[in-house]
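Here's the structure we're looking at; comments come further down.
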Amino acid sequence: MGQESETATPLPGLELEFSTEPLILKCVHVNVIRTIPQDQPYQGTLPDRLQGLTTRKEVTERFGPSSMSQPPLRMPSPLGDTGGWDVFAWENTNNVPTFVMVQYNTDLQVCDLAFFREGI
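So for the sequence shown, our numbering puts the first residue at 62; every next one is plus one.
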């Protein structure tokens, strides 16, 4: 049986996902560009390492090979075709293993980021 989760949207384009028992932050989702009409892109500042990264090519040049990757695929409506995603280890100061998933649209532009601690 899957673990229950709750979400909160403190700012447009920013979603926090929590496990419910116990209440622990599992993932931070950041919508970088609009991919479906109801999406609102995040207008805040991204971490320095992500500044200026707009394409998959730029992401892999900065972070190197991904630890996990998904090629472009067709998702159920309303998502439709996607450009796939890459996962990279995210170095941080709290020594908690953290990862960032970078998702791409069909033009291989960065459209979403997801920061998480657990494997996917």
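Using N, Cα and C, we set each Cβ at its ideal position, and we do this for glycine too. All values derive from a computational prediction rather than experimental measurement.
Point to revise | Identified DSSP bridge partners for residue 79 | key: The residue given as residue 79 occupies position 18 in the sequence shown. Per DSSP, 67 and 86.
Review point. Is the stretch 87 to 107 touching the stretch 170 to 181 in the sense that three or more CB pairs, one from each, lie closer than 8 Å?
Key: yes
Practice item. Have a look at 97, 167, 136 and 121 and flag the residue whose alpha-carbon is nearest the alpha-carbon of residue 147. Key: Along the sequence shown, one-based indexing puts residue 147 at 86. The shortest Cα separation from residue 147 among 97, 167, 136 and 121 belongs to 121.
Check your understanding: Beta carbon of residue 171, beta carbon of residue 116: below 8 Å?
Key -> Reading the sequence shown from its first residue, position 110 is the one you call residue 171. Reading the sequence shown from its first residue, position 55 is the one you call residue 116. Yes, the pair counts as a contact, with Cβ atoms nearer than the cut-off.
Practice item. Kindly indicate which three-state DSSP category residue 93 falls into: helix, strand or coil? Key: Here residue 93 refers to the residue found at position 32 of the sequence shown. In this structure, residue 93 counts as coil in the three-state DSSP scheme.
Practice item. Work out the CA separation of residue 77 and residue 65 for me, nearest whole Å. Key: Reading the sequence shown from its first residue, position 4 is the one you call residue 65. Reading the sequence shown from its first residue, position 16 is the one you call residue 77. Using only the alpha carbons, I get a separation of about 14 Å.
Exercise for review: Within the same chain, show all residues whose beta-carbon is closer than 8 Å to that of residue 130, passing over the 5 residues directly before and after it, in chain order.
Suggested key: Mapped onto the sequence shown, residue 130 falls at position 69. For residue 130, where only same-chain residues beyond five positions count, the Cβ hits under 8 Å are 145, 146, 147 and 148.
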